[in-house]
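The structure appears below as structure tokens.
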Amino acid sequence: MTGMSKGGASSAAQESAVIAREIALDSREMLQVLLDYLPSAVTLFGPDLEMIACNAKLRELLEFPDELFAHGLPSLPTLLRFNALRGEYGPGDAEAITAAAVARAREMQPHVFERTRPNGVVLEIRGTPLPGGGFVTIYTDITERRQADKAVRDSGAELHLLTDNVPAMILYVDSDMNCVFANKRYADFFKLAVADIIGRPFVEIVGRAAYAEIEGHFREALAGHPVAYQRAVRLASGALRHLDVKLVPRTAEHGSIPGCYSMAIDITEQKQTEQALRDSVEQMRMFTDNVPSMTVSWDENLRCLFANKRFAEFYGLEVGDLPGMHVREVIGEHAFRDVEDHFALVLRGHPDAYQRLHKFANGSSRYIEVKLLPHVAEDGGILGCYAVTTDITEQKQAEQRIQHLAHHDNLTGLPNRLLFNDRLGQEISFAKRGARRFALFYLDLDKFKPVNDALGHNAGDELLRIVSNRLREQVRESDTVARVGGDEFAVILRDIDSREDIVTIAEKIVAALAQPFHLEPREHRVDIGTSIGIALYPDHAQDHQSLVKLADAAMYSAKAHGSCYRFCAD
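Last residue of the sequence shown: 576 (my numbering), numbering continuous.
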């Protein structure tokens with residue numbers, strides 16, 4: 007019979023013990039790195055309520071003094087007693103309060119509740135028991151979220167109603183870096199009223215120090231390039247907030263950049279898990295499967311080491327199938343070609359982020375934002391990378407909705423005066439380059455006011471919508487119909503060959519609006535008309551202001567005759 011000698015067995019046991027200690031040390035270090043990267047405060051307690059780990063955010067958010075951690079990590083009873091003695095849980099006997107809290111903790115039950123601290127900070131406290139005993143607790147500062155719940159006001163303007171209720175601070179600056187628009191959330195962040203921001207230079211709102219830091223980002227956006235960045239903001243109260251900022255250039259239809267939109271989200275409280283806990287597979291799985299982000303760890307060859315349940319479900323896979331798969335196999339060849347430069351950058355040690363539209367096999371699609379973080383070894387080598395993916399579809403849709411509302415009439419859906427001015431300027435540029443003619447119609451509805459007075463504003467609104475539809479039916483897809491005032495409309499007719507063509511369209515519009523209108527709900531018959539003023543480019547004028555002025559004057563001349571059209575030279 008053969009066997010290992012006592013000396014060989016002892017050596018093997020010693021080697022196994024060393025490896026076990028190194029693995030435990032690496033796991034503990036990995037756990038601390040992951041915890042400290044999280045935006046929320048996190049604690050991990052064992053079965054006997056001993057603290058296994060916590061992040062620095064815990065001390066900051068709950069204002070624990072350094073001396074409480076001077077002799078190592080305090081137990082849960084120690085923390086509870088400290089809080090009770092300083093009045094954190096309200097009046098009462100501190101020892102009794104502590105004993106009751108410890109008893110509840112030993113039940114190891116999942117729980118979610120909110121607590122308001124004496125300093126006014128509102129915490130969401132979410133505890134999840136672990137399979138082997140102990141539990142993970144996540145503390146999130148939701149003060150601003152609760153304040154925002156009370157701050158929603160009734161607004162008659164749909165744009166403000168939308169922007170004041172999206173979870174973002176929205177600002178629009180023009181090309182001279184002056185503030186043109188700000189929503190309430192943005193004003194509240196700087197402790198200002200919206201009216202105190204509009205019209206002021208951006209530097210006066212954020213301060214010179216912050217302006218020097220972010221001016222370059224805004225200049226890049228004003229040059230036509232979307233920009234994404236994050237920055238830390240120290241408030242007047244001393245609190246540090248972290249913002250995720252997206253700058254979107256506003257491109258006019260003739261190619262100029264008149265300004266840019268800034269959408270900033272306070273990400274201080276977001277439970278963005280950039281890593282998985284490595285202390286134990288079960289603990290790591292329990293933790294990452296209970297956060298709202300998709301997390302995955304890739305090795306230096308971009309093969310999966312770990313992924314949470316949300317990530318697997320998003321790509322239609324099972325969690326157990328992911329380890330060992332290349333990122334190309336997971337997200338698809340086409341998608342990988344789009345993003346492989348980002349992965350190459352992070353594997354060189356540089357954090358990176360990107361956004362893309364992910365299309366599913368069933369034809370649906372979702373916008374995602376992926377943040378990449380290098381996994382750096384103690385010797386500086388790159389072991390791989392971590393990725394945190396967030397579904398930002400709703401945020402993208404809000405951005406698109408804001409863009410649409412800024413350029414279209416709320417009632418009719420037609421281009422508003424702002425978009426009309428852009429298109430008129432664009433048409434002048436095109437006509438100059440191509441030596442072409444176009445016509446500008448200015449229309450005013452006749453007998454509209456009596457409808458409002460007799461039937462009410464709802465009937466007037468319905469009438470305006472029907473008028474808008476009839477106007478669009480009389481012109482081509484390439485022409486522009488805009489609502490520029492209460493009952494005033496403008497039409498740009500492109501590439502007009504002759505005066506007869508213009509007359510034909512004008513007569514069609516007059517005839518269409520002379521037809522009776524039947525308004526709900528009582529089928530009221532309404533008869534109105536329209537007066538049209540017409541100016542031609544380049545026959546009557548060659549600049550924006552003169553064309554509008556001449557068409558407007560011709561409209562008033564037509565109005566004097568009633569429900570007809572007039573050229574400005576007539």
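Backbone N, C-alpha and C fix where the C-beta goes; we use that ideal spot for every residue, glycine too. Model, not experiment: these values are computed from the prediction.
Asked                                                                                                                                                                             : Found
Alpha carbon to alpha carbon, how far is residue 254 from residue 203? Give it in angstroms, no decimals.                                                                         : 20 Å
Hey, how far is the Cα of residue 377 from the Cα of residue 201?                                                                                                                 : 36 Å
I need the DSSP call for residue 207, collapsed to helix, strand or coil.                                                                                                         : strand
What are the complete beta strand (DSSP E) segments, minimum 3 residues, inside the region 342-428?                                                                               : 358-365, 371-382 and 388-397
Measuring straight from C-alpha to C-alpha, what distance separates residue 300 and residue 399?                                                                                  : 14 Å
Give the straight-line distance between the Cα atoms of residue 415 and residue 485, rounded to the nearest whole angstrom.                                                       : 17 Å
For residue 279 and residue 214, what's the separation of their Cα atoms in angstroms?                                                                                            : Residue placement at residue 279 is poorly supported in this model, since its pLDDT is 37, which falls under 50; the coordinates are not used for a value here.
Report yes or no: is there a C-beta of chain C within less than 8 Å of the C-beta of residue 60?                                                                                  : Although the question refers to chain C, the structure presented lacks it and comprises just one protein chain.
What whole-angstrom Cβ distance do residue 140 and residue 53 have, given they're in contact under 8 Å?                                                                           : 5 Å
Short of 6 Å in beta carbon distance, which residues of its chain neighbour residue 478, apart from the five on each side in sequence? Order them along the chain.                : 487
Please report the distance separating the alpha-carbon of residue 227 from that of residue 392.                                                                                   : 29 Å
Can you give me the start and stop residues for the beta strand (DSSP E) that residue 117 sits inside?                                                                            : 117-122
Please name the residue or residues paired with residue 535 in a DSSP beta bridge.                                                                                                : 452
Identify every run of the alpha helix (DSSP H) within the region 438-524, keeping only runs that are complete inside it and at least 4 residues long; order them along the chain. : 454-461, 463-480 and 505-520
Which stretch, first to last residue, makes up the beta strand (DSSP E) that contains residue 253?                                                                                : 246-256
Going by C-alpha to C-alpha distance, which of 442, 260, 50 and 418 sits closest to residue 467?                                                                                  : 418
Flag this pair as yes or no: are the beta carbons of residue 131 and residue 121 separated by less than 8 Å?                                                                      : yes
Considering just the uninterrupted stretch of the alpha helix (DSSP H) at residue 222, what are its terminal residues?                                                            : 214-228
When the Cβ atoms of the region 525-537 are set against those of the region 422-429, are three or more pairs found closer than 8 Å?                                               : no
Look up residue 236 in the DSSP assignment and give the residues it is bridged to.                                                                                                : 250
Confirm, please, whether the CB-CB distance from residue 397 to residue 374 is below 8 Å.                                                                                         : yes
Would you kindly report the start and end of the unbroken beta strand (DSSP E) that includes residue 147?                                                                         : 141-147
Is residue 57 helix, strand or coil by DSSP?                                                                                                                                      : strand
Who are the Cβ neighbours of residue 476 in its own chain at under 7 Å, not counting the five residues just before and after it?                                                  : 518 and 519
Out of 143, 225, 104 and 246, which has the shortest C-alpha to C-alpha gap to residue 58?                                                                                        : 143
Under a three-way DSSP split, which group does residue 558 fall into?                                                                                                             : helix
Using beta-carbon positions only, say whether residue 305 and residue 411 come within less than 8 Å of one another.                                                               : no
Can you grab the Cα-Cα spacing for the pair residue 328 / residue 311, in whole Å?                                                                                                : 8 Å
Take residue 561 and list the residues in its own chain whose beta-carbon comes closer than 6 Å to its own, dropping the five residues that flank it on each side.                : 448, 450, 537 and 539
Where do the N-terminal and C-terminal ends of the beta strand (DSSP E) with residue 180 fall, by residue?                                                                        : 175-180
What is the residue span of the beta strand (DSSP E) that residue 131 lies within?                                                                                                : 128-135
Here's a check: name, in chain order, each residue in its chain whose Cβ is nearer than 7 Å to the Cβ of residue 172, leaving out the five neighbours to either side.             : 404
State the DSSP-derived secondary structure class of residue 44, mapped to helix, strand or coil.                                                                                  : coil
Considering just the uninterrupted stretch of the alpha helix (DSSP H) at residue 267, what are its terminal residues?                                                            : Careful: residue 267 lies outside any alpha helix (DSSP H), inside the beta strand (DSSP E) at 265-272.
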